[in-house]
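Here is the structure we will look at.
Residue numbers (my numbering), protein chains in the order written: chain A, 1 to 118; chain B, 1 to 288.
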């Protein structure tokens, strides 16, 4: 399935507007590093389960990652999901990236910036 | 945010069990029925008897290529080597048949089995090596090579017989079964995933492009010849035992694997094979 199918809705445009007024401005470099970490098989390997724009051969275990500012108006909550998905859902198959030290705190910050930019 | 993470890789997952095993009081028979019904309902296009073909039972596109490979299977020469090994006398003049009898086709369906005297689960590979050491021979390596060839020959001879693992009504046997079941449903490793996460709840989904096979039927076709294992071996011998795969699936989630034929893996095999009762033994088989 093409990502564009998901994004081509009016809501995406509104999402962009939210992005513009968002107070925490991420450094472009962090987003790029976050993307590399998210796509790396050794680190995030998020594509194992999620479709994410710009990534190939994604799995289909989990919801596609898009419009994250809508799902998570509060960036800290998004970070918390990445840090330990089992806090919200004990049965989650999503690895607890922070709690199990799969990535460091600063790596998770960067991944969060990347995911938040989608 | 301060990291409160655990530095060591956990080989046993947190005690949190996933749904399937919440009903602790269920009898093995109830477990098996629920397990099998789950897959039958989840994959309505798959015949029950076909679940012993792993991912190929649920994917037509993968299946075609696999069927053409199974016409001239790369494991065939190793089945022959296994037969030669079977017929080679030990230094004391006896052979494997002194432990297992002459009817080779009857052997595979006897394992895994609860051995009431030794109070443990015994497996085909374990008993093959026990036969050797009892007769003054060295034990063979557990995960590949000669032992896998022998197992391939013995499994080949038993093709078409039904899996019928018996869990005796004996507290110790039931405890071994429960341990195997717990192993299957417990999250483990740095990635925090249970066997059941991938092969029950997510079976039929893809991790990247890898399709996850149903847990039902997973223990029927061993040893398996994998293209991946063949690529790693100098001689191209890609046969590996079930416990080799258990180790691989543990490593995938960054958990420390247990030793082949450890109590943990034998109990897992006991539970895992019992879940497939009623399907046919179909080893050896080919997997990519």
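Virtual Cβ for every residue (Gly too), placed ideally from N, Cα, C. Owing to the predicted nature of the structure, the values given are computational and were not obtained by experimental measurement.
Please classify residue 106 of chain A: is it buried, with 16 or more other beta-carbons within 10 angstroms of its beta-carbon, or exposed? On the first chain, position 106 is the one that residue 106 of chain A refers to. With fewer than 16 other Cβ atoms within 10 Å, it is exposed.
Under 9 Å (Cβ pairs) to chain A, residues found in the segment 180 to 196 of chain B: 187, 189, 190, 191, 192, 193 and 194
Compare the C-beta of residue 206 of chain B with all C-beta atoms of chain A and state if any pair is closer than 9 Å. Counting from 1 along the second chain, the entry for residue 206 of chain B is found at position 206. It does: the Cβ of residue 206 of chain B has a partner Cβ on chain A nearer than 9 Å.
Simplified DSSP assignment, three categories, for residue 115 of chain B: Position 115 of the second chain, counted from the first residue, corresponds to residue 115 of chain B. The answer is strand: DSSP assigns residue 115 of chain B an E or B state.
In chain B, which residues lie less than 9 Å from residue 118 of chain A when you measure between Cβ atoms? Position 118 of the first chain, counted from the start, is the residue given in the question as residue 118 of chain A. Within chain B, no residue comes near residue 118 of chain A; the closest Cβ sits about 19 Å away, beyond 9 Å.
Could you have a look at residue 107 of chain B and say whether DSSP puts it in helix, strand or coil? As a first step, residue 107 of chain B is located in the second chain; it is residue number 107 there, counting from the start. Residue 107 of chain B: coil per DSSP, three-state reduction.
For a test of the three-state rule: what should DSSP assign to residue 232 of chain B, helix, strand or coil? As a position in the second chain, residue 232 of chain B is number 232, starting the count at 1. It is helical.
Against chain A, does residue 202 of chain B count as a neighbour if the rule is that its beta carbon must be under 9 Å from one of theirs? Residue 202 of chain B sits at position 202 when you count from the first residue of the second chain. Taking Cβ atoms only, chain A reaches closer than 9 Å to residue 202 of chain B, which makes this a yes.
Can you tell me whether residue 21 of chain A is buried or exposed? The criterion is at least 16 other CB atoms within 10 Å of its CB, across all chains shown. In the first chain, counting from the first residue as 1, residue 21 of chain A sits at position 21. In this prediction, residue 21 of chain A scores a pLDDT of 40, lower than 50, which makes its location untrustworthy; the coordinate-derived value is nonetheless stated afterwards. Residue 21 of chain A should be labelled exposed.
Quick check on residue 225 of chain B: buried or exposed, where buried means 16 or more other Cβ atoms within 10 Å of its Cβ? The residue labelled residue 225 of chain B in the question sits at position 225 within the second chain. So residue 225 of chain B counts as buried.
Which residues of the segment 51 to 65 of chain A have a Cβ closer than 8 Å to any Cβ of chain B? Give them in chain order. 57, 58, 59, 60 and 61
Starting from residue 78 of chain A, find everything on chain B with Cβ-Cβ shorter than 7 Å and list it in chain order. If you number the first chain from 1, residue 78 of chain A lands on position 78. Result: empty, since nearest Cβ-Cβ is about 13 Å, beyond 7 Å.
Please classify residue 102 of chain B: is it buried, with 16 or more other beta-carbons within 10 angstroms of its beta-carbon, or exposed? As a working note, residue 102 of chain B is residue 102 in the second chain. Exposed, by the Cβ-count rule.
Any heavy atom of the ligand HEM closer than 8 Å to the beta-carbon of residue 206 of chain B? Although the ligand HEM was asked about, the structure shown includes no ligands whatsoever.
If we ignore side chains and look at the alpha-carbon of each, how far apart do residue 196 of chain B and residue 113 of chain A end up? In the second chain, counting from the first residue as 1, residue 196 of chain B sits at position 196. In the first chain, counting from the first residue as 1, residue 113 of chain A sits at position 113. Roughly 32 Å separates the two Cα atoms.
Within a Cβ cutoff of 8 Å, which residues of the same chain sit near residue 90 of chain B, ignoring the five residues on either side of it in sequence? Mapped onto the second chain, residue 90 of chain B falls at position 90. The residues are 132, 135, 136 and 137.
Do three or more CB pairs link the segment 204 to 217 of chain B to the segment 273 to 284 of chain B at distances below 8 Å? yes
Counting contacts by CB-CB distance shorter than 9 Å, is residue 111 of chain A in contact with chain B? Taking the first residue of the first chain as 1, we reach residue 111 of chain A at position 111. Cβ-Cβ to chain B under 9 Å: no for residue 111 of chain A.
Would DSSP call residue 126 of chain B helix, strand or coil? The sequence position of residue 126 of chain B within the second chain is 126, counting from 1. Helix, per DSSP.
Residues bridged to residue 287 of chain B by DSSP? For this step, residue 287 of chain B is matched to residue 287 along the second chain. In the DSSP output, where bridge partners are listed per residue, residue 287 of chain B has B:226.
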